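Heads up: the structure comes next, in structure tokens.
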Amino acid sequence: MIKNVIFDVGNVLVNYRWRALMEELGLSKDLQQIFDEKVFGSPWWGELDHGVMEESEVLVLLRGEIHGYEKEFDLIWDNRDKLVTPYPYSVPWIWALKKKGLKVYLLSNYPKSLFALHTECGCFPFLNSVDGRVVSGYVKMIKPNPDIYQYLLDQYQLKPTECVFLDDLEKNIETARAMRMKGIVFQSYEQASEELNRLIDQAQEK
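Each residue of the sequence shown is one higher than the one before, starting from 0 at the first, in numbering that gives the first Met the number 0.
Written out as structure tokens, the structure reads:
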């Protein structure tokens, strides 16, 4: 039986819109490509998610990756409150699942300070509707490493065989499946909700 639905946040419940933000801030296409590779695609950005290093240290390293474009980096960072916007379906989707008697949790790679900022900005209107959450920057663990999945299971006393995990990255779903959860690679709301409903219905029939 499926009792728990676990959502990733970025690109599942909210639009992680860093490309659109750079466009809005007037960065050229060539410069956007540089930031794509050197900042948002950098392992150092992953360190922000991980939360082990001090944020100030990581920012120094990121700025070092784009020498000569520090002003543009600071412009993006000063507008980081606009990095995400909630998808219109996120709250109704969670409400619909809870009306079915399911528990809903969040498991997300997210920098601690950014998660706090985006909470304050109202980017996560679904937070009060979920039954629990584990965010990488707070617990200093990160997907796809199994320890953060186990932390969620232990924290809320969940059985993995009763859980479905939705994430936009295949590698994160692979870990969930290895830990005996059901997994759905999120591609769109329509696709993921259809797969989720099918899994829930199949589990009820058994």
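In this text, a Cβ means the ideal position worked out from N, Cα and C, and glycines have one as well.
These numbers were taken from a predicted model, which means no experiment stands behind them.
Report yes if the C-beta distance between residue i and residue j is below 8 Å; otherwise report no.
i	j	result
Leu106	Val133	yes
Leu165	Ile183	yes
Phe104	Gly131	Reading off the sequence shown, one finds Tyr at residue 104, where the question assumed Phe. Yes.
Asp48	Ser112	no
Ser41	Glu64	yes
Ser89	Leu12	yes
Ile1	Ala202	yes
Pro143	Met178	no
Going by DSSP, name the residue or residues bridged to residue i.
i	result
Arg132	Leu105
Val138	Answer is none; Val138 lacks a bridge partner.
Taking residue i as part of the beta strand (DSSP E), name the residues at either end of that continuous run.
i	result
Phe164	Cys162 to Asp166
Tyr15	Val13 to Tyr15
Lys2	Careful: Lys2 lies outside any beta strand (DSSP E) and carries neither H nor E.
Tell me which residue opens and which closes the alpha helix (DSSP H) that residue i is part of.
i	result
Phe114	Lys111 to Glu119
Val90	Ser89 to Lys98
Lys158	Careful: Lys158 lies outside any alpha helix (DSSP H) and carries neither H nor E.
Going by other Cβ atoms of all chains shown within 10 Å of its Cβ, with 16 needed for buried, is residue i buried or exposed?
i	result
Met21	buried
Asn3	buried
Val8	buried
His117	buried
Contiguous alpha helix (DSSP H) assignments of at least 4 residues, all confined to the stretch 26-86
28-34, 42-49, 54-64 and 69-77
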